[in-house]
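Participant: First residue of the sequence shown: 63, per the working numbering; consecutive thereafter.
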Amino acid sequence: MTDEVPDEGPGGSEPETSDSLKAFGEVVKAFRKRAGLTQETFAPLVGYSVPTVASIEQGRRLPSSDFVDRAEDVLDAFGVIRAAAKHLARKPGLAKWFRQWARLESQAATLYTYENRLVPGLLQTPAYARTLFGERIPTLDDDEIEALLAARVERKKLLTDRPHTIYSFIVEEHVLRRQTGGRDVMREQTTHILDTCARRNIELQIMPQSRGYHVGLNGPIQLLETSENRWYAYCEGQENGLLIPDPKVVSILQKRYARMRAQALSFEESVSLLREMRGAP
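Now the structure itself:
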């Protein structure tokens with residue numbers, strides 16, 4: 063699945079370092095030392111663990127926007143830390159095999175997503191995503207979960223930051239009925255989807271359980287059109303993902319997606335069903 067990991071599979075959640083990350087880490091370290099703080103005394107001031115601070119200073123972990131703001135304020139860094147953060151070139155928790163797709167996704171003119179396992183990452187609430195990360199096998203520690211959650215929240219900004227991109231989602235009905243995280247989490251998740259789909263550039267269709275067969279049963283599909291009108295596809299498994307640039311294969315998946323749009327409930331019917339699932343507001 064994706065930013066990150068699963069919509070997005072779980073593997074490779076800590077990408078390799080980059081020059082921009084190393085440079086940012088050196089900036090933080092320099093201002094920390096200027097303030098006369100050790101990593102042990104600095105960490106509680108910004109609300110992060112010592113290992114997380116160490117990873118950021120070593121250029122091994124992308125800082126969250128919250129860390130950037132707190133470090134800037136605690137270290138009185140004259141705006142330098144915030145400025146350095148603007149040039150970071152990596153997202154936290156971004157699976158290695160997902161990065162190329164994520165770069166395309168951030169500039170897409172059109173993005174189509176079919177999902178039969180879980181709510182697509184772009185539509186997930188923090189509570190829903192935290193449930194997924196918290197139940198991961200192998201298990202993750204608190205810092206890893208927070209890094210993945212920060213990545214998911216950051217990736218979701220695409221829906222608001224790119225109002226001219228056309229987003230289409232087809233989601234299996236059973237995904238939305240599964241009580242992932244419990245009733246309250248799913249009620250919040252359903253409400254969030256309804257609110258998100260109120261945007262003119264976003265459409266969601268539900269593939270009903272009553273449809274015994276449809277052409278998407280081979281697995282999840284993502285399709286993307288760039289601003290140059292080039293189409294790509296992306297398919298994902300448990301621990302890997304495949305970016306597909308071959309026009310012939312992409313064309314096949316486009317045809318399947320088009321058929322699924324006809325086989326799924328209409329947007330209006332889907333919204334009505336979501337409201338029924340949620341119950342009284």
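Idealized CB from N, CA, C, for every residue including glycine.
Would you call residue 313 buried or exposed, if buried means 16 or more other Cβ atoms sit within 10 Å of its Cβ?
Facilitator: exposed
Participant: Is any beta-carbon of chain D found at less than 7 angstroms from that of residue 330?
Facilitator: The chain inventory of the structure shown lacks chain D, comprising one protein chain alone.
Participant: Would you call the region 130-144 and the region 90-106 touching, i.e. three or more CB-CB distances under 8 angstroms?
Facilitator: yes
Participant: Secondary structure at residue 242, three-state DSSP: helix, strand or coil?
Facilitator: coil
Participant: Rounded to whole angstroms, what is the Cα-Cα separation between residue 336 and residue 299?
Facilitator: 27 angstroms
Participant: Are the region 168-176 and the region 281-299 touching by the rule of at least three beta carbon pairs closer than 8 angstroms?
Facilitator: yes
Participant: If you measure between the beta carbons of residue 235 and residue 268, is that distance less than 7 angstroms?
Facilitator: Yes, the Cβ-Cβ distance between residue 235 and residue 268 is below 7 angstroms.
Participant: Quick check on the burial criterion: 16 or more other C-beta atoms within 10 angstroms. Buried or exposed for residue 279?
Facilitator: exposed
Participant: Name, in chain order, the residues that DSSP records as bridge partners for residue 325.
Facilitator: In DSSP, residue 325 forms no bridge with anything.
Participant: Note down the Cα distance separating residue 87 from residue 339, rounded to an integer number of angstroms.
Facilitator: When only Cα atoms are considered, residue 87 and residue 339 end up about 46 angstroms apart.
Participant: When burial is assigned at 16 or more other CB atoms within 10 Å of the CB, is residue 275 buried or exposed?
Facilitator: exposed
Participant: What is the DSSP secondary structure of residue 222, counted as helix, strand or coil?
Facilitator: Note: residue 222 maps to helix in three-state DSSP.
Participant: Pull up the distance between the alpha-carbon of residue 169 and that of residue 122, whole angstroms please.
Facilitator: 26 angstroms
Participant: Determine the direct distance from the alpha carbon of residue 240 to that of residue 138, and round the result to whole angstroms.
Facilitator: 47 angstroms
Participant: On a Cα-Cα basis, can you pick out the residue from 189, 222, 218 that is closest to residue 207?
Facilitator: 189
Participant: Rounded to whole angstroms, what's the CA-CA distance from residue 332 to residue 321? Just pull it up for me.
Facilitator: 17 angstroms
Participant: Specify the secondary structure class of residue 253 as computed by DSSP and reduced to three states.
Facilitator: helix
Participant: In three-state terms, what does DSSP make of residue 227?
Facilitator: coil
Participant: Straight-line CA distance for residue 304 to residue 316?
Facilitator: Taking the straight line joining both Cα atoms gives about 16 angstroms.
Participant: Pick out the complete beta strand (DSSP E) segments inside the region 138-216, 3 residues or longer, and give them in chain order.
Facilitator: Along the region 138-216, the beta strand (DSSP E) occurs as fully enclosed runs of 3 or more residues at 172-177, listed in sequence order.
Participant: Taking only the alpha-carbon atoms, compute the straight-line gap between residue 329 and residue 194 and give it to the nearest angstrom.
Facilitator: 27 angstroms
Participant: Per DSSP, which residues does residue 314 bridge with? Please list them.
Facilitator: Looking at the DSSP assignment, residue 314 forms no beta bridge with any residue, so it has no partner.
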